[in-house]
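There are 2 protein chains.
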Amino acid sequence: MATADRKEREKEQRKNVILDAAEKLFFSKGFDSVSMEEIAKEVELGKGTLYLYFKSKDSLFFAIISRKWIEFGKILTEKMSQGKTGFEKIQILIRWYIEYAQKNADYNDMATTFGPQLFQRIDAEDARMMMEVSMKYIPLVHAAVREGIEDGSVRNDLDPTLLGMYLQMITFNVVSPDPSMKNGFATQGISYDKYVEMLPKFLCPAVARFPEKECDN
Amino acid sequence: MATADRKEREKEQRKNVILDAAEKLFFSKGFDSVSMEEIAKEVELGKGTLYLYFKSKDSLFFAIISRKWIEFGKILTEKMSQGKTGFEKIQILIRWYIEYAQKNADYNDMATTFGPQLFQRIDAEDARMMMEVSMKYIPLVHAAVREGIEDGSVRNDLDPTLLGMYLQMITFNVVSPDPSMKNGFATQGISYDKYVEMLPKFLCPAVARFPEKECDN
DNA sequence: CCAATATATGACTATCAGTCATTAAAAAAA
DNA sequence: TTTTTTTAATGACTGATAGTCATATATTGG
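In the order they appear, the protein sequences are chains F and G.
The opening residue of the first sequence carries number 37 in the working numbering; numbering runs sequentially from there.
The opening residue of the second sequence carries number 37 in the working numbering; numbering runs sequentially from there.
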């Protein structure tokens, strides 16, 4: 029956319209200062209707994150394939993630500010969904590390998965510092830009197999 | 007039009693699942009375964090003074911070889960208070880095303040991963304990002036 | 055209942070 | 000691808002 298909498509489209509106509002005012009523107004629907498409306000948040992660994973896959050695791939990952995060600063602010609390109370269904999404790009990092160990460009005295996790965590937190860290920049006389810019230099010796060779710059 | 002094002392004491109760509840149920009413019940006061001692629920949170940071800073000062070189002091900092955080896991969970959101909306008064507190230990880290650069144990190609900030951020985030990271451990087959335990090894080459000498272990 | 099904709605409930008029207790003055 | 003034404590109330649900509307298939 073709009707069911069409309805399915329409439902997806409307979900996206709702997500666009919610995203816009969350970015400008923060997750907790936007009410479901407000989002409903923006898309010209009743509040109750939103709950036909998303089971909770938290779910709306995760759907927004998920869209971004998917987009991110796609570009990352393409970019990293351009690196020759594992080490080069990791460098690309770091540099490009910085660029991407700066282009999506509003998204990043929202994610670091509200993510921890929302992930802490995430329900099983959303957790499964988010894990599935993250599975699209996390293995990329680990594969690059493994490749680098094999080709001799990356240090081999650490479990590759572990090294991948450190890199992921550090890059993420440098690019999107949580608000308490951000407050510290002014006080300590370091600009956020410099903090981000110098990251590759800081990390290099902790990643390279032969820092004296790979990290001259 | 002695009365005023006594009253002042009594007020401080009661503040602490309230903080103890709030802390206990926040640790066990999370900041947002504890109501002011509940805290008031616990200390056998009316809800309104709490507001004579703390201006908001958020302020209660910051007062709890602040108590911990002060305690932390005191012990840190003492521990770090035992290191010979700057590099040793940094090692002590990292190792001891890990130990401390593990001993205060419930505090750390609360801080990483709710901190970002609360710091984002912190008011000027609490911000000043928190900054003042953090000024007690942040300079310790930077001083150790500077000392290490001078005595040749720490790399000298990065701004010391910047290096201090990276170290602080990384150690903090490894020890207290935010909930979305924590979810990843199981999936990726790395235990949290290993993640924490291997940190010094991972970081060493990014800190030492001569990794081949300082990082053999 | 008419049942049956799917979609939309906003009034309603429950929860909770923060306020404030009122009461109670303590301190100061008489 | 008694009265006045100051300080502390209280909980009913307000406003905000996530999520529900009975009702209404629209769409579909027969």
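Ideal placement from N, C-alpha and C gives every residue a C-beta, glycine not left out.
Remember, it's a predicted structure, so these values are computed and weren't measured experimentally.
query: Contact set for residue 138 of chain G: own chain, Cβ-Cβ below 6 angstroms, skip 5 residues either direction; result: none
query: Contact list for residue 156 of chain G against chain F, beta-carbon separation under 8 angstroms; result: 66, 149 and 215
query: CB of residue 205 of chain G within 8 angstroms of CB of residue 219 of chain F, strictly; result: no
query: Where residue 246 of chain F falls, given that 16 or more other Cβ within 10 Å makes a residue buried; result: exposed
query: Neighbour list for residue 262 of chain F in chain G, Cβ cutoff strictly below 8 angstroms; result: Residue 262 of chain F lies beyond the residue range present for chain F, which begins at 37 and ends at 253; the question has no answer from this structure.
query: Pick from F:241, F:165, F:195 and F:236 that is closest to residue 190 of chain G, judged by C-alpha positions; result: F:241
query: Chain-ordered residues of the segment 112-140 of chain F with a beta carbon less than 9 angstroms from chain G; result: none
query: Three or more C-beta pairs below 8 angstroms linking the segment 123-135 of chain G and the segment 169-184 of chain G; result: yes
query: Beta-carbon separation (whole angstroms), residue 221 of chain G vs residue 228 of chain G, contact threshold 8 angstroms; result: 5 angstroms
query: Within chain G, the residues that residue 226 of chain F reaches when beta carbons sit closer than 8 angstroms; result: 195, 197, 198 and 201
query: Within chain F, the residues that residue 231 of chain G reaches when beta carbons sit closer than 7 angstroms; result: 198 and 201
query: Beta-carbon proximity check, residue 150 of chain F vs residue 97 of chain F, cutoff 8 angstroms; result: yes
query: Contacts of residue 234 of chain F in chain G (Cβ-Cβ under 8 angstroms); result: 194, 195 and 198
query: Check whether residue 87 of chain F and residue 54 of chain F have beta carbons under 8 angstroms apart; result: no
query: C-alpha gap between residue 216 of chain F and residue 44 of chain F, whole angstroms; result: 43 angstroms
query: Helix, strand or coil at residue 79 of chain G according to DSSP, with G and I counted as helix; result: coil
query: Runs of alpha helix (DSSP H) wholly within the segment 144-188 of chain F (minimum 4 residues, chain order); result: 160-170 and 174-187
query: From G:199, G:185 and G:114, residue whose alpha carbon lies closest to that of residue 172 of chain G; result: G:114
query: Interface flag, residue 24 of chain F vs chain G, CB-CB below 8 angstroms; result: The structure shown has nothing for residue 24 of chain F, since chain F only spans 37 to 253.
query: Span of the alpha helix (DSSP H), counted from its first residue to its last, around residue 131 of chain G; result: 122-139
query: Spatially closest choice to residue 203 of chain G from G:164, G:125, G:157 and G:85, by CA coordinates; result: G:125
query: 8 angstroms Cβ cutoff met for residue 83 of chain G and residue 72 of chain G; result: yes
query: Minimum Cβ-Cβ distance from residue 249 of chain G to chain F less than 8 angstroms; result: no
query: Three-state class that DSSP yields for residue 70 of chain F in the structure shown; result: coil
query: Alpha-carbon spacing of residue 226 of chain G relative to residue 170 of chain G, whole angstroms; result: 32 angstroms
query: Burial state of residue 214 of chain F, where buried means 16 or more other Cβ atoms lie within 10 Å; result: buried
query: Residue 205 of chain F, enclosing alpha helix (DSSP H) - first and last residue; result: 196-211
query: Residue 163 of chain G versus residue 223 of chain F: straight-line alpha-carbon distance, rounded; result: 12 angstroms
query: Selected residue, minimal CA-CA separation from residue 144 of chain F, among F:212, F:49 and F:236; result: F:212
query: Distance between residue 249 of chain F and residue 76 of chain F (C-alpha atoms, nearest Å); result: 57 angstroms
query: Start-to-end residues for the alpha helix (DSSP H) that takes in residue 95 of chain G; result: 93-116
query: Minimum Cβ-Cβ distance from residue 96 of chain G to chain F less than 8 angstroms; result: no
query: Whole-angstrom C-beta distance between residue 199 of chain F and residue 231 of chain G, which should lie under 8 angstroms; result: Incorrect: roughly 11 angstroms between the Cβ atoms, too far for contact.
query: Members of the segment 73-107 of chain G near chain F, C-beta cut-off 8 angstroms; result: none
query: Residue 238 of chain F: contacting residues in chain G (beta-carbon distance under 8 angstroms); result: 194, 198, 199, 202 and 242
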